[in-house]
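There are 2 protein chains.
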Amino acid sequence: MDKVQFTIMTNSRHITGSDIPWYPDGMSDLLERLRTRGWRLTAQRRVVAEVLDGDHVHLTADEVHARAARLLPEISRATVYNTLGELVTLGEVLEVSTDGRARRYDPNAHHAHQHLVCSHCGTIRDVHPVGDPLAALPAGERFGFTVSDVEVTYRGTCPDCSATAA
Amino acid sequence: MDKVQFTIMTNSRHITGSDIPWYPDGMSDLLERLRTRGWRLTAQRRVVAEVLDGDHVHLTADEVHARAARLLPEISRATVYNTLGELVTLGEVLEVSTDGRARRYDPNAHHAHQHLVCSHCGTIRDVHPVGDPLAALPAGERFGFTVSDVEVTYRGTCPDCSATAA
DNA sequence: ATAGTGAATTGGACTTTGTCCATGTCGTGG
DNA sequence: CCACGACATGGACAAAGTCCAATTCACTAT
Chain A
34 MDKVQFTIMT NSRHITGSDI PWYPDGMSDL LERLRTRGWR LTAQRRVVAE VLDGDHVHLT
94 ADEVHARAAR LLPEISRATV YNTLGELVTL GEVLEVSTDG RARRYDPNAH HAHQHLVCSH
154 CGTIRDVHPV GDPLAALPAG ERFGFTVSDV EVTYRGTCPD CSATAA
Chain B
34 MDKVQFTIMT NSRHITGSDI PWYPDGMSDL LERLRTRGWR LTAQRRVVAE VLDGDHVHLT
94 ADEVHARAAR LLPEISRATV YNTLGELVTL GEVLEVSTDG RARRYDPNAH HAHQHLVCSH
154 CGTIRDVHPV GDPLAALPAG ERFGFTVSDV EVTYRGTCPD CSATAA
């Protein structure tokens with residue numbers, strides 16, 4: 034996130050997506066979409082959205098907060114947690130819990146994909162398995178549940194960790 | 034875990050599996066197996082193993098500690114965490130992180146299965162999908178990882194929660 | 001049966017991750 | 001440009017897990 038250094042304008046000035054021309058298209062779309070859903074557009078939310086859109090890595094809430102704070106130093110942890118929670122509820126961001134530690138947030142919510150995580154260093158990669166994992170669960174194995182979603186986590190050792198271990 | 038009330042004997046007496054005849058077969062097997070692997074058989078480890086073997090639910094570490102403490106009141110949380118970690122390392126117990134909160138421990142490590150969790154109440158059921166989920170990840174999608182395991186979590190609403198929501 | 005020794009246990013401090021709430025600020029519709 | 005209600009703040013709190021020095025104890029060899 035070293036690509037552009039800038040400071041968000043004061044909140045009292047009305048900022049629209051077009052005021053910040055270096056936003057990637059996907060994000061102004063996102064912000065616009067949320068605004069029409071009644072989302073109030075605050076500097077904090079804008080910055081959180083930008084951080085998520087930045088690198089397509091899977092950040093923890095604290096990492097999001099750290100990066101957001103570089104753009105908007107006074108942003109609070111609580112706000113980051115709130116905003117992430119809202120984005121998840123709105124279906125714009127996925128929450129993945131791969132290790133029982135910090136939840137990670139995946140901005141790539143609109144393309145079906147699964148995760149490949151390194152048991153050593155924790156890195157996560159998006160992967161695209163073939164076939165629909167939901168289809169693998171026959172009705173007789175659903176116990177009356179209404180199944181709405183599958184989360185598949187492949188675990189293994191990434192190339193870097195294999196190299197250092199050897 | 035109300036079925037049998039008893040107190041573990043003092044550690045200084047040598048206790049073998051056969052001293053505690055009401056252990057289910059599976060467990061004395063487990064303990065014996067671990068002992069031949071060089072595991073020191075302490076009262077604490079014994080109790081943790083018994084708790085896991087008790088109901089085949091998916092307990093959190095704290096739940097394991099609470100149940101273990103009914104049998105061995107002075108057992109410490111650290112020991113429970115240690116023991117669970119060892120059992121996981123030894124491959125006798127599976128660790129599942131379904132909700133980004135507490136990790137849960139699944140004693141059913143020797144039969145391949147996956148999990149079905151209710152998004153409302155958090156209940157977990159073991160399910161057996163058809164086919165091998167590992168096979169769904171083509172080599173081209175592995176990015177040099179050595180993939181060793183897959184964890185599949187189906188999410189949905191259980192019958193009880195569907196009923197109360199309606 | 002007993003002693004020695006290194007592994008296991010203890011409990012308490014500490015860290016990480018996340019939630020809650022009262023107060024104050026600011027985005028937005030009018 | 002005002003008012004109002006949604007949003008942000010930060011600090012206290014809670015939950016989940018780790019770490020460590022001191023102590024206890026299981027196992028092996030005698």
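Read top to bottom, the protein sequences are chains A and B. For reference, each letter of the first sequence is one residue, going 34 to 199 in the numbering used here. For reference, each letter of the second sequence is one residue, going 34 to 199 in the numbering used here. Even for Gly, the Cβ is constructed at its ideal location relative to N, Cα and C. The structure presented is a predicted model; accordingly, all values stated were derived computationally and were not measured.
Exercise. With 9 Å as the limit, tell me which residues of the region 118-140 of chain B have their beta carbon closer than that to any beta carbon of chain A; keep them in chain order.
Key: E128, V129, S130, T131, D132, G133, R134, A135, R136, R137
Quiz item: Under three-state DSSP, which class holds A:L170?
Solution: coil
Quiz item: Given that B:Y187 touches chain A, what residues does it touch there, using C-beta distances under 7 Å?
Solution: L170, V180, V183
Quiz item: Can a CB atom of chain B be found closer than 7 Å to the CB of A:G106?
Solution: Rather than Gly, the amino acid found at residue 106 of chain A in this sequence is Pro. Not closer than 7 Å to any Cβ of chain B, the Cβ of A:P106 fails to qualify, so no.
Quiz prompt | B:T23 classed as buried or exposed, judged by whether at least 16 other C-beta atoms fall within 10 angstroms | solution = No answer is possible for residue 23 of chain B: the residues shown for chain B start at 34 and end at 199.
Exercise. Check whether the Cβ of B:V37 lies closer than 7 Å to any Cβ atom in chain A.
Key: Reliability fails at B:V37, whose pLDDT of 32 lies under 50, so the model's placement of it is uncertain and the value that follows must be treated cautiously. It does not: the Cβ of B:V37 has no partner Cβ on chain A nearer than 7 Å.
Self-check item: Contact under 7 Å by Cβ, A:G164 with B:A169
Solution: yes
Practice problem: Examine chain B for any beta-carbon lying closer than 7 Å to the beta-carbon of A:C191, and answer yes or no. | Solution: yes
Quiz prompt | Minimum Cβ-Cβ distance from A:G173 to chain B less than 7 Å | solution = no
Exercise. Identify, in the order they occur along the chain, each residue of the same chain with its Cβ nearer than 6 Å to the Cβ of A:Y56, setting aside the five sequence neighbours on each side.
Key: Interpretation of A:Y56 is limited by its pLDDT of 47, a score under 50 that renders its predicted location unreliable; no figure is taken from the coordinates.
Quiz item: Within 10 angstroms of its Cβ, does B:C154 collect 16 or more other Cβ (buried), or is it exposed?
Solution: exposed
Practice problem: Drop a sphere of 10 angstroms on the beta-carbon of B:R73, count the other beta-carbons inside from all chains shown, and report buried for 16 or more, exposed for fewer. | Solution: exposed
Quiz item: Ends of the beta strand (DSSP E) at A:L105?
Solution: Where A:L105 is concerned, there is no enclosing beta strand (DSSP E), given that its DSSP letter is neither H nor E.
Quiz prompt | 6 Å CB neighbourhood of A:Q147 in its chain, flanking five on each side removed | solution = V160, P162, V185
Exercise. Return the residue from the list A:D62, A:Q77, A:R68, A:H91 that minimises the CA-CA distance to A:V150.
Key: A:H91
Quiz item: So, are the CB atoms of B:G189 and A:V180 less than 7 Å apart?
Solution: yes
Self-check item: beta-carbon A:Y114 near the ligand ADP non-hydrogen atom, thresh 6 Å
Solution: In the structure on display, the ligand ADP does not appear, and there are no ligands present to speak of.
Quiz prompt | Residue range of the unbroken alpha helix (DSSP H) whose run includes A:R110 | solution = 110-122
Quiz item: To the nearest angstrom, how far is it from the Cα of B:L104 to the Cα of B:G118?
Solution: 20 Å
Quiz item: Residues of chain B with a CB under 8 Å from the CB of A:C151: which are they?
Solution: F178
Quiz item: Would you say A:G155 reaches chain B, if we count a Cβ-Cβ gap shorter than 7 Å as a contact?
Solution: no
Quiz prompt | Start-to-end residues for the alpha helix (DSSP H) that takes in B:L85 | solution = 76-86
Quiz item: So which residues on chain A does B:V97 lean against when the C-beta distance must stay under 9 Å?
Solution: What B:V97 touches in chain A: nothing, since even the nearest Cβ is about 14 Å away.
Self-check item: Start and end residues, beta strand (DSSP E) containing B:C151
Solution: 147-151
Practice problem: Keeping to the same chain, check which residues put their C-beta closer than 6 Å to that of B:L85; ignore five residues upstream and five downstream. | Solution: P140
Quiz item: Is the beta carbon of A:C194 sitting closer than 7 Å to the one on B:F178?
Solution: no
Exercise. Quick one: list the residues of chain B neighbouring A:V160, beta-carbon separation under 8 Å, in chain order.
Key: L170, E174, R175, F176
Quiz prompt | Span of the beta strand (DSSP E), counted from its first residue to its last, around A:V180 | solution = 179-190
Exercise. Would you give the residue range spanned by the beta strand (DSSP E) that A:R158 belongs to?
Key: 157-160
Self-check item: Within chain A, partners of B:V90 - CB distance below 8 Å
Solution: Those within 8 Å of B:V90 in chain A number zero; the least Cβ separation is about 15 Å.
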